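See below for the structure under consideration.
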Amino acid sequence: MSNNTTINCPACQSPIAIEPKLLMSGFKFQCANVKCNASVSISTESRQVAKSAYGKFEQLKREL
Ligand SMILES: [Zn+2]
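Under my numbering, the first residue of the sequence shown is numbered 607, with each subsequent residue one higher.
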């Protein structure tokens, strides 16, 4: 069972497969769109926001 989830690229809105634990630890995920080439990472300040978003995601999974 995969632990991966996707978020939308802030630049091109393509889905980027991310691993929440890695993202939370500051890992950068590269956009899969070769024309875009943006990378997604979160700063220390936004980690709390990401954590609550992830909490909501976990809640959603339980409801499904
Ligand atoms: Zn992109």
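We put the beta carbon where it would ideally sit given N, CA and C, even for glycine. Quick caveat: nothing in here was measured; it's all calculated off a predicted structure.
Inclusion of residue 626 and residue 612 in the CB contact set at 8 angstroms is not warranted, their separation being larger than that value. Minimum Cα-Cα distance from residue 624 among the listed residues 618, 637, 617 corresponds to 637. When the Cα atoms are used, residue 619 and residue 646 turn out to be separated by approximately 12 angstroms. Our two residues, residue 665 and residue 633, have alpha carbons roughly 24 angstroms apart in a direct line. Looking at the DSSP output, residue 635 bridges to 646.
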